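This report refers to the structure that appears directly beneath it.
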Amino acid sequence: MTAVGAANHMGRDLVVKDSTDAQLNAKFTYGVISKDLEDEDVRVFLDDCTGWVPLGDFTTDDDGQIHVPLATALPIGIYDVRFEVLGDGSLTSATLWVLPAGTKIALTDIDGTLTESDSELFEQMIDGSHVPLAYAGAVALTTAHEAKGYIVMYVTGRPDWLAGMTRAWLADLGFAAGPLRVTDSNTEILPTEGSVGDFKKTVLTKLMADYEIAFAYGNASTDLYAYLGAGLDPANVWIIGSHAGEQGTNGAQTWTARVAEVMALPAVTQPFVRP
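Adding 297 to a residue's 1-based position in the sequence shown gives its number in my numbering.
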């Protein structure tokens, strides 16, 4: 399979309140055509804070995916997960966030919200050396929320095969650590309400069944559709760019002023103690 090209595997970050009901998911592909790795064994490990604990070996299905049920009740915390293809030793990772009900989240889109425009991603895809430009204050926006005790979550319309590139960009520029949610299929990446809009609205609706989305940040009409459609108060939504301030939301052209507002907020009270 490696003759097709380099490994482009993707473990999905997961946010749950009870790990005994959780299922870890990962997809394994190779090359620019994302050729699925079928019927191959993958070994899965979880770092339970004492070391890497093996969860077992799992065989990829016809879509190159594995699904790993967790039968263990893990304490509240953040856990690294590692997936290793036994045939060639290639790796991918994910993060499991076990968070209690009532956890307060600051949620943000990425393209055109943290980056200056959607075209930044396309330029990076064409020229791998290009580093997408972030809006002024974008990094500080996320780290300010983190400093106040919020969990920062990234919900993007990017497909799963861009997860690795996305994680690397967030980490390299110093954005706050947080779960990354990418789409489940290519049918959800189109910039329409019925595609990425419904994907994001569904993600938010499920999150809000257990957690509080205190603030949400976006840029597109589909973000407005998703955030307000899921029931968020427009007063807690910030939209940057051409749709700034629409439908009663807060408007912005950079994030610098909003960073100052967040830094002036009191620390949030969470239903857990974060180290």
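Cβ atoms here follow ideal geometry from the backbone N, Cα and C, with glycine treated the same way.
As the structure is a prediction and not an experimental result, all values here were calculated from the model.
- Listed as beta-bridge partners of residue 401 by DSSP are 509.
- With a cutoff of 9 Å on beta-carbon distance, residue 475 and residue 451 are scored as near each other.
- Contact check for residue 309 against residue 460 passes: the beta carbons are separated by less than 9 Å.
- Listed in chain order, the beta strand (DSSP E) runs fully inside the segment 377–456 are 388–395, 401–405 and 448–452, counting runs of at least 3 residues.
- Per DSSP, residue 466 is one residue of the alpha helix (DSSP H) stretching across 460–470.
- Annotated three-state conformation of residue 305 is coil, per DSSP.
- If you draw a straight line from the Cα of residue 497 to the Cα of residue 301, it is about 33 Å long.
- Residue pairing from DSSP leaves residue 544 without any beta-bridge partner.
- Among the bridge pairs identified by DSSP, residue 341 is matched with 353 and 380.
- Residue burial is scored here from C-beta neighbours: residue 399 has fewer than 16 other C-beta atoms within 10 angstroms and is therefore classed as exposed.
- Between the C-alpha atoms of residue 463 and residue 349 there is a straight-line separation of about 25 Å.
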